[in-house]
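Structure first, commentary second.
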Amino acid sequence: MSGKPKTIAVIGGTGAEGSAIALRLANAGHRVIIGSRDEAKAAKTARGLVERLGKGEISGASNLAAADAAAISILTVPFAVQSGSVAEIRPALTGKILVDATAPLVPPRVNRVQLPPAGSAVAAIQGLLGDAVRVVSAFQNVSADKLKNLDTAVDCDVLVCADDASARQSVIELVEEMGLRGIDAGPICNSAAAEALTSVLIWINRKYGVAGAGIRITGPKS
Ligand SMILES: NC(=O)c1ccc[n+]([C@@H]2O[C@H](COP(=O)([O-])OP(=O)(O)OC[C@H]3O[C@@H](n4cnc5c(N)ncnc54)[C@H](OP(=O)(O)O)[C@@H]3O)[C@@H](O)[C@H]2O)c1
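Numbering of the sequence shown is given in the numbering used here, commencing with residue 4 and proceeding in unit increments.
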């Protein structure tokens, strides 16, 4: 780890993507709080992850309590409940970083790009929260299946977008501590590209019968 351990909340961390991100953050030495609508469910997920890892500081809490105790919150809930979940934790976010992994998938045609009218699901959240919260977009293109397997290198880059360059850099460092390559992909409006790619990757998974198609950016050295 490059810096000191951070306290990081994973909102909706009981789900597939959130628990896999939590596992990697705890493995890197960070203190992780699993957030849930149900504290008991959060605590159970946390216990399961500690058991799996055999080490690490992972606890469970309500989504709001988790965000309140953390320096950085990572949002991992379905698109349909993204804005409601942000509203729930908003009082705890002022002056902090919110990393949003939301891909705007609209069932049943999740393998078709269907970006929201605002152009990007994550950019819309930055608009909602204003300058008081530094919103960062990341993880839309890396599957939970890949993240949760700590023994295998993840064959996927992570595009990181934010209007605040220092927040972008902080999240790129977190991504690298998790064992992936983070790519500075520019301001939050560019998140539209990462969000759209998720549907393309789901299409590729089905077309080629693979579990976790990913992306690699050529050019920058790792
Ligand atoms: N799965 C992947 O491989 C993957 C990859 C890249 C990006 N993503 C993105 O990451 C996000 C999470 O994906 P996921 O597959 O982990 O989703 P998920 O397992 O379906 O849901 C994650 C968590 O969201 C909470 N949640 C579900 N319904 C809710 C509701 N109606 N209101 C409030 N909270 C609700 C639940 O937590 P509680 O019940 O504990 O509150 C659930 O455990 C999505 O936006 C997805 O596009 C996923």
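C-beta: ideal position from N, C-alpha, C; glycine also.
From residue i to residue j, what does the alpha carbon distance come to, in whole angstroms?
i, j, result
"residue 44", "residue 14", "12 Å"
"residue 47", "residue 67", "17 Å"
"residue 132", "residue 141", "17 Å"
"residue 187", "residue 219", "13 Å"
"residue 194", "residue 50", "33 Å"
"residue 57", "residue 192", "39 Å"
"residue 211", "residue 111", "20 Å"
"residue 18", "residue 179", "22 Å"
"residue 136", "residue 83", "21 Å"
"residue 26", "residue 130", "30 Å"
"residue 23", "residue 147", "6 Å"
"residue 93", "residue 86", "10 Å"
"residue 61", "residue 54", "10 Å"
"residue 134", "residue 78", "18 Å"
"residue 206", "residue 108", "12 Å"
"residue 174", "residue 209", "30 Å"
"residue 204", "residue 52", "27 Å"
"residue 123", "residue 8", "31 Å"
"residue 213", "residue 40", "32 Å"
"residue 72", "residue 216", "34 Å"
"residue 6", "residue 81", "31 Å"
"residue 96", "residue 76", "8 Å"
"residue 128", "residue 103", "9 Å"
"residue 65", "residue 11", "14 Å"
"residue 177", "residue 143", "15 Å"
"residue 183", "residue 21", "16 Å"
Can you name the start and end residues of the alpha helix (DSSP H) that residue i belongs to?
i, result
"residue 148", "147 to 151"
"residue 27", "19 to 30"
With residue i as the anchor, note down where its beta strand (DSSP E) starts and where it stops.
i, result
"residue 205", "No beta strand (DSSP E) contains residue 205, which is instead part of the alpha helix (DSSP H) from 194 to 211."
"residue 14", "10 to 14"
I'd like to know if residue i contacts chain C, where contact means its C-beta is closer than 9 Å to some C-beta of that chain.
i, result
"residue 192", "Absent from the structure: chain C. Only one protein chain is present."
Does the count of Cβ pairs from the stretch 30 to 44 and the stretch 157 to 166 closer than 8 Å reach three? Not touching, per the Cβ criterion.
Check your understanding: In chain order, which alpha helix (DSSP H) runs of at least 4 residues are fully inside the stretch 38 to 68?
Key -> Listed in chain order, they are 42 to 56.
Is the stretch 192 to 209 touching the stretch 111 to 130 in the sense that three or more CB pairs, one from each, lie closer than 8 Å? Taking a contact to require three or more Cβ pairs closer than 8 Å, the stretch 111 to 130 and the stretch 192 to 209 qualify as touching.
Check: In chain order, which continuous runs of the beta strand (DSSP E) of length 3 or greater are located wholly inside the stretch 164 to 190?
Finding: 184 to 187, all fully within the stretch 164 to 190.
Complete alpha helix (DSSP H) runs within the stretch 61 to 137 (minimum length 4 residues, chain order):
Those alpha helix (DSSP H) runs which fall completely within the stretch 61 to 137 and span 4+ residues are 66 to 72, 85 to 92, 124 to 132.
Report yes or no: do three or more beta-carbon pairs, one from the stretch 144 to 151 and one from the stretch 164 to 172, lie closer than 8 Å? Under the Cβ criterion (8 Å, minimum of three pairs), the stretch 144 to 151 does not count as touching the stretch 164 to 172.
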